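Colleague: Heads up: the sequence shown runs through residues 761 to 1275, numbered per our numbering.
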Amino acid sequence: MVTAQAKRLILVLGDQLSTDLSSLEAGDKSSDIIVMGELKAEASYVRHHKKKLAFVFSAMRHFAEELRHGGWTVDYATYNDGYKSFTDLVKAAAKNHGCKTIIVTSPGEWRVVRELENLGQSRGYSVEILHDDRFICTNEEFSSWAEGRKALRMEYFYREMRRKTGLLMDGEDPVGGQWNFDQENRKPPKEGLDPPDALRIEPDAITKEVLTLVDEEFGDHFGDLDPFWFAVTRDDALKALDRFIDEALPLFGDYQDAMVGTEKFLYHSLLGLYINIGLLDPLHVCQEVEAAYNDNRAPLNAVEGFIRQIIGWREFVRGIYWREGPDYVTRNFFGHDRELPDFYWSGETDMACVGAAVTQTKEEAYAHHIQRLMVTGTFALIAGINPHEVHEWYLAVYADAYEWVEAPNVVGMALFADGGLLGSKPYAASGAYINRMSDYCKGCSYSVSKKTEENACPFNSLYWDFLARHQETLGNNARLGQIYRNWERMDGAKQRAYRTRAQHLLEKLDRGERI
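1) Could you give the first and the last residue of the continuous alpha helix (DSSP H) run that contains I1035?
2) Measuring only the C-alpha atoms, how far is D980 from S818?
3) With three or more C-beta pairs closer than 8 Å as the rule, is the segment 1052–1060 touching the segment 1101–1114?
4) Could you check if D930 is buried or exposed, using at least 16 other CB atoms within 10 Å of its CB as the buried criterion?
5) Tell me, please, which residues DSSP counts as bridged to D835.
6) Mind checking M1250: buried by the 16 CB within 10 Å criterion, or exposed?
7) For P1168, count the other beta carbons within 10 Å of its own beta carbon; 16 or more makes it buried, fewer makes it exposed. Which is it?
8) Taking 8 Å as the cut-off, decide whether the C-beta atoms of A1140 and L1181 are in contact.
9) With a floor of 4 residues, list each alpha helix (DSSP H) that falls wholly inside the segment 989–1037, ordered by position along the chain.
10) From the DSSP output, in three-state form, read off D907 for me.
11) With C-beta atoms as the reference, is L1043 less than 8 Å away from L1031?
12) I'd like the list of long-range same chain contacts for L1227, defined as Cβ closer than 8 Å, with 5 residues on each side in sequence excluded.
13) Tell me, to the nearest whole angstrom, how far the beta carbon of G1183 is from that of I1080; I am working on the premise that it is less than 8 Å.
14) Measure how close the beta-carbons of F941 and G1013 come, nearest whole angstrom, since I'm counting them as under 8 Å.
15) Hey, is the segment 932–939 in contact with the segment 954–968, meaning 3+ C-beta pairs nearer than 8 Å?
16) Taking E951 as the reference, give the member of A1018, G983, S903 with the closest Cα.
17) Taking E1099 as part of the alpha helix (DSSP H), name the residues at either end of that continuous run.
18) Would you call the CB atoms of D780 and Y1162 closer than 8 Å?
19) Here's a check: name, in chain order, each residue in its chain whose Cβ is nearer than 7 Å to the Cβ of D1225, leaving out the five neighbours to either side.
20) Grouping DSSP H, G and I as helix and E and B as strand, with all else coil, what is A1174?
21) Using DSSP with H/G/I as helix, E/B as strand and the rest coil, what is S1198?
22) Between R871 and E802, what straight-line distance do the alpha-carbon atoms span, to the nearest angstrom?
23) Could you give the DSSP three-state label for E1084: helix, strand or coil?
24) Using a Cβ-Cβ cutoff of less than 6 Å, which residues in the same chain neighbour K810 once the five nearest sequence positions on both sides are dropped?
25) Which ranges would you report for the beta strand (DSSP E) in the segment 764–830 if only whole runs of at least 3 residues count?
26) Kindly indicate the opening and closing residues of the beta strand (DSSP E) around F861.
27) Rounded to the nearest angstrom, what separates D792 and W905 at their Cα positions?
28) Under three-state DSSP, which class holds L1181?
29) Measure the alpha-carbon distance for T1136 versus H829 and round it to whole angstroms.
30) Distance, Cα to Cα, G749 vs D1097?
31) By the 10 Å Cβ neighbour count, where 16 or more other Cβ atoms means buried, how is S1190 classified, buried or exposed?
32) Drop a sphere of 10 angstroms on the beta-carbon of G1115, count the other beta-carbons inside from all chains shown, and report buried for 16 or more, exposed for fewer.
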């Protein structure tokens, strides 16, 4: 006599919108119940950008419909159903369906893992957490690679991922004879660039319903809700991939570090939105990009640079996040404690670069990696802003931000708050870098060529003041040796002028005055 398998709950999280998810692969359509929910705690643990909330909720609702069409039974709770947490959602679903076993693909944040583990330990449920095999490198593989190394550097990890995937490989050697083409991918913007617009998807009935919900429930959150144009289904995300490859990829490499005030996206893909939520598979994306090189539709420097961001950097920061543990987000190597300035929310500052990056973030829930790293990130670093506040800001305002990917990029890369675990030096910079890689300085109230005067670019004096404040800590950093020698060669009056100007700016920040 064959006994029918007992019902199990398959919990699908909001950033796991993939039909080949490990929990779905382990499930049985004939008996198991998929449970999904728009939860109050998940919507509010930071004050998420309105556009980010709309994107996640709409993509979740569309994915639930896709699963139903695929033969699954889906128990979906909308925000107005009132469930606060995963614990509340699972308890209700387990009671309704008579289930005691929960299957879930490993979450992307420590706090959610702990909640689900506690659900199993304290509530008497059997909770099976499966590997998230949408990633190329498992946590165990990363730990094995990292074990015993004096320094963890993405470049060497990336080479292992190239070998593992076979992407851009010619046998045991990299295609083109070298592993990366960064030197070709740092061109400043030039006049006459005509980048394509991002693919814009008209909201359907489901998305319009979500937009109304977000406007009513989260109207006081940061960011513009309209116009909403993100893809919220796999089919439309694939269209965005095709658009990027056909129209933007050929020049992506050349201008990936450039910033132009009138161009929000330049040649960037914006595919991180869709990869991180699960609508696109990262390896498939890289294979499609590699195919463009093989078909002579895109140059090697662009293709290699893009693939490195995904199988190199994206996988690397995830490995760091899980290896370092839940306290990583609280690290504060420099002891910085200044409050996050209000202009990170309002964009109201006389610094044209920061104002442009924040305003774009407010409008689109998006800024590209150099705007994040070298504008808002660098200012926060050299001004001594509390890294946990900065971390929570990035997590809230960007639609592609989930803690596993955001925290290492902010805490480690942008703020050096992990003391150099992720990066070999702080990404501190004066206004000269921004002037070289953007057109922001042309219309700025401050002069980038001036150093210590009242109208001098704040980045200039704050940069040197940051280095002087932390010379005892950073003086032996090999990559900063020449910079510190330059500082020591300055006469005392010039050093004092830099530090006096910086102190004046920091006091204005502390008083909440406009800078």
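Backbone N, C-alpha and C define an ideal beta-carbon position, used for all residues, glycine too.
Computed from a predicted structure; not experimentally measured.
Modeller: A quick look at the data gives this:
1) 1032–1037 is the span of the alpha helix (DSSP H), which, as asked, contains I1035.
2) 20 Å
3) Contact fails: fewer than three Cβ-Cβ distances are below 8 Å.
4) exposed
5) Paired residues: V795.
6) exposed
7) buried
8) no
9) 994–1003, 1009–1012, 1032–1037
10) A small correction: the amino acid at residue 907 is Glu; Asp does not occupy that position in the sequence shown. Correct three-state label for E907: coil.
11) no
12) A1188, L1234, L1240, I1243, Y1244, W1247
13) In fact, because the Cβ distance is near 10 Å, the residues do not count as touching under 8 Å.
14) 7 Å
15) no
16) A1018
17) Here E1099 belongs to no alpha helix (DSSP H), and DSSP marks it neither H nor E.
18) Taking the C-beta atoms as reference points, Y1162 is found no nearer than 8 Å to D780.
19) Excluding residues within five positions, the ones whose Cβ falls inside 7 Å are Y1258, R1259, A1262.
20) helix
21) strand
22) 11 Å
23) helix
24) V974, F978, H981, G983, L985
25) Segments of the beta strand (DSSP E) lying fully in the segment 764–830: 769–771, 793–797.
26) The sequence shown places Thr at residue 861, rather than the Phe named in the question. From DSSP, the beta strand (DSSP E) with T861 extends over 861–865.
27) 37 Å
28) Secondary structure of L1181 (DSSP, three-state): coil.
29) 44 Å
30) Examination of residue 749 is not possible in this model, given that the chain is present from 761 through 1275 alone.
31) buried
32) buried
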